[in-house]
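Chains A and B are the protein sequences, given in the same order.
Under this note's numbering, residues 1 to 88 are what the first sequence spells out, in order.
Under this note's numbering, residues 1001 to 1417 are what the second sequence spells out, in order.
Note that the Cβ used here is the ideal one computed from N, Cα and C, for glycine as well.
Single-structure report; data block below.
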Amino acid sequence: MRIPCPYCGLRDAHEFAYLGDATVKRPDPAAPGAEDAFHDYVYLRDNPAGAHKELWYHGSGCRSWVVVARDTRTHAIAGAELAREVTP
Amino acid sequence: MRYSVLSLLANALTGQKSWKPAWRDAAPKPSYDVIIVGGGGHGLATAYYLAKEHGIRNVAVIEKGWIGSGNAGRNTTIIRSNYLLPGNEPFYEWSMKLWEGLEQDVNYNSMVSQRGVLNLCHTDAQRDAYARRANSMRMSGADSELLDQDGVRAMYPFLDFENARFPVKGGLLQRRGGTARHDAVVWGYARAADRLGVDIVQNCEVTGFIRDAQGAVVGVETNRGPIRAGKVGLAVAGSTSRLTAKLDMRLPIESHVLQAFVSEGLKPLIDGVITFGAGHFYISQSDKGGLVFGGDIDGYNSYAQRGNLPVVEDVAESGMALIPRIGRVRLLRSWGGVMDMSMDGSPIIDKTPIPGLYLNAGWCYGGFKATPASGWCFAWTLAKDAPHARNAAMRLDRFRTGHLIDEKGVGAQPNLH
Ligand SMILES: Cc1cc2nc3c(=O)[nH]c(=O)nc-3n(C[C@H](O)[C@H](O)[C@H](O)COP(=O)(O)OP(=O)(O)OC[C@H]3O[C@@H](n4cnc5c(N)ncnc54)[C@H](O)[C@@H]3O)c2cc1C
Ligand SMILES: [Zn+2]
Chain A
1 MRIPCPYCGL
11 RDAHEFAYLG
21 DATVKRPDPA
31 APGAEDAFHD
41 YVYLRDNPAG
51 AHKELWYHGS
61 GCRSWVVVAR
71 DTRTHAIAGA
81 ELAREVTP
Chain B
1001 MRYSVLSLLA
1011 NALTGQKSWK
1021 PAWRDAAPKP
1031 SYDVIIVGGG
1041 GHGLATAYYL
1051 AKEHGIRNVA
1061 VIEKGWIGSG
1071 NAGRNTTIIR
1081 SNYLLPGNEP
1091 FYEWSMKLWE
1101 GLEQDVNYNS
1111 MVSQRGVLNL
1121 CHTDAQRDAY
1131 ARRANSMRMS
1141 GADSELLDQD
1151 GVRAMYPFLD
1161 FENARFPVKG
1171 GLLQRRGGTA
1181 RHDAVVWGYA
1191 RAADRLGVDI
1201 VQNCEVTGFI
1211 RDAQGAVVGV
1221 ETNRGPIRAG
1231 KVGLAVAGST
1241 SRLTAKLDMR
1251 LPIESHVLQA
1261 FVSEGLKPLI
1271 DGVITFGAGH
1281 FYISQSDKGG
1291 LVFGGDIDGY
1301 NSYAQRGNLP
1311 VVEDVAESGM
1321 ALIPRIGRVR
1331 LLRSWGGVMD
1341 MSMDGSPIID
1351 KTPIPGLYLN
1361 AGWCYGGFKA
1371 TPASGWCFAW
1381 TLAKDAPHAR
1391 NAAMRLDRFR
1401 TGHLIDEKGV
1411 GAQPNLH
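Pasting the structure below:
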């Protein structure tokens, strides 16, 4: 599996560390219902069989966080963006 | 027919003509008391104990492929009860006790072999941690022994004891641990369940759920038509989230791929199970002579049932660091299975918030050893509508209440468990 790092180009997945689902968002701890929202954020995942947006860290490269679009059934990668440029 | 020396002799003398299929190829009936989705080890064991322990025999196991085509037929067959915590060690020790009587119980040779599981330690801190684990195991009635370096040398003189980075200093040995023949476990439970009246329905994929007006699950939709049920239990391992998504239920589970490897057949070399404590590598030798080994999960979400090369390299390097002599052995096969990695690394055997729906999931890479106890406890939970003491900690809501069973203490990061 090779990941197209927007900064470094196509690199072996070995250079990256995996964090997981990139679509979960840290809730506001001061908002009402924060306890439930944090439970969902920390523990619950869609875990889809198919298209998945996920966070990888290019530790052996440019040290950027990258959001990769990958199919979990085939491992085919559709694209990657720098996490800081992904609009929430 | 009961399998025995007599039935073996009788068939030998009569041209092996009176053997019958080990289970019926059942077609689905319109309704059952209980439907178990998933014909892996856990689903079949659950059906067997429902019939045997609770007298609930109007039961179907619904399997989308053939039984044992999932992780039950892909694992590296290690059984052990060397866990640490009050929430899991009594459960795994109960599983070990069931393994010890399994063949007589189901009248099938599952080739349970208590050849010993040895976890190596390489630092003083690791030895201390193993001493704590060994004591915790004994408190739950399991056996455990701490070995010093000479003790390990006597068992496996060929390890790289003086490795510059990871010298072998000793190990934690569970002599009652070992291996079992994974396919035979599946077939044995299937045959025993079938003999008690359970329908084993293969090539039948559950595609959705039938709900009543209150939202309770009262059956399943399949590619062979709807089947109604009093209760539905899910035991689909790596496919759990795919099914619960149809109920808009999100789970504390990610599906990951785990690879394993087998070498060409060799003369007897390793008579137990050895795990490397400084990297991700474990090894045993099958009765056919192949070295069976593996390491860590690949570490990213996957439903592909195949992994990537970095893990292959990592496993090979770890193997060489521990047992240099396997370097000339040729690899025969490698494969992958889809693991239901939970957020604390421990399983879930529980009712769900949806009436009629019960959940058995989150087995990570270690559910084969759990097969008997998982079936036993899930059957109890289904029959009594409440968990047994042995699975009382394996609740679905523990992630909300904070009562995690985090054996490694690494937090909500499935690829670290
Ligand atoms: C490479 C590898 C090595 C392993 N090594 C070990 C080990 O040494 N020791 C250990 O304890 N554990 C080990 N494990 C883990 C163990 O194999 C699993 O935790 C365990 O088998 C899971 O339970 P099961 O047998 O019921 O799962 P499975 O056999 O995966 O059963 C689930 C079944 O559900 C079926 N299914 C899925 N979706 C549907 C649907 N929609 N409708 C109908 N049926 C469906 C599948 O086809 C499958 O047959 C290993 C796993 C792998 C992959
Ligand atoms: Zn980069």
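query	result
Residue 1139(B): first and last residue of the uninterrupted alpha helix (DSSP H) it sits in	1124–1139
Residue 1360(B) vs residue 1043(B) beta-carbon contact at 9 angstroms	yes
Per-residue burial, residue 1016(B) [other beta carbons within 10 Å of its own, 16 or more giving buried]	exposed
Within-9 angstroms CB hit, residue 1354(B) to chain A	no
Residue 58(A): CB within 8 angstroms of a non-hydrogen atom of ligand 2	yes
Of the residues 62(A), 45(A) and 66(A), the one placed nearest residue 55(A), counting alpha carbons only	66(A)
Segment contact, 8 angstroms Cβ cut-off, at least three pairs: the segment 1400–1415 of chain B with the segment 1339–1349 of chain B	yes
beta-carbon residue 1138(B) near ligand 3 non-hydrogen atom, thresh 8 angstroms	Among the ligands modelled here, namely ligand 1 and ligand 2, ligand 3 does not occur.
Residue 1395(B) beta carbon less than 9 angstroms from that of residue 45(A)	no
Beta-carbon separation (whole angstroms), residue 1365(B) vs residue 1258(B), contact threshold 8 angstroms	5 angstroms
Option in 1146(B), 1310(B), 1247(B) and 1393(B) with minimal Cα separation from residue 1174(B)	1146(B)
Helix, strand or coil at residue 1246(B) [DSSP, three-state]	helix
Partner residues on chain B for residue 57(A), Cβ-Cβ distance less than 8 angstroms	Simply none; closest approach about 12 angstroms.
Bridge partners - residue 15(A), DSSP secondary structure assignment	DSSP output for residue 15(A) lists no bridge partner at all.
Proximity test, residue 1407(B) beta-carbon vs ligand 1 heavy atom, cut-off 8 angstroms	no
Residue 1400(B) at chain A interface by Cβ criterion, 9 angstroms	yes
Buried/exposed call for residue 1353(B), threshold 16 Cβ in 10 Å	exposed
Within chain B, the residues that residue 13(A) reaches when beta carbons sit closer than 7 angstroms	1308 and 1310
9 angstroms Cβ cutoff met for residue 1227(B) and residue 1030(B)	yes
Pick from 1386(B), 1091(B) and 1041(B) that is closest to residue 1071(B), judged by C-alpha positions	1041(B)
Distance CB(residue 1177(B))-CB(residue 1116(B)) smaller than 9 angstroms	yes
Secondary structure of residue 1360(B), DSSP reduced to three states	strand
Residues, ordered as in the chain, of the segment 1252–1277 of chain B that lie near chain A by beta-carbon distance below 7 angstroms	1252, 1253, 1254 and 1255
Of the residues 1073(B), 1090(B) and 1039(B), the one placed nearest residue 1080(B), counting alpha carbons only	1090(B)
Under 9 angstroms between C-beta atoms of residue 1319(B) and residue 1311(B)	no
DSSP bridge partner residues for residue 1231(B) (one or two, in chain order)	1034(B)
Completely contained beta strand (DSSP E) runs for the segment 1274–1321 of chain B, where each covers 3 or more residues	1282–1285 and 1290–1301
Proximity test, residue 1221(B) beta-carbon vs ligand 1 heavy atom, cut-off 8 angstroms	no
Straight-line Cα distance separating residue 1158(B) from residue 43(A)	44 angstroms
Beta-carbon contacts of residue 1330(B) that lie in its chain and below 6 angstroms, excluding the five residues immediately before and after	1264
Residue burial classification, residue 87(A) (beta-carbon count within 10 angstroms, cutoff 16)	exposed
Identity of the residue in 1248(B), 1020(B) and 1014(B) nearest residue 1003(B) by Cα	1020(B)
Partners in chain B for residue 54(A), counting only beta-carbon separations shorter than 8 angstroms	1300 and 1301
Neighbour flag for residue 66(A) against chain B, beta carbons, 9 angstroms	no
Strand pairing of residue 1340(B), partner residues [DSSP]	1255(B)
Residue 1165(B) - DSSP class collapsed to helix/strand/coil	coil
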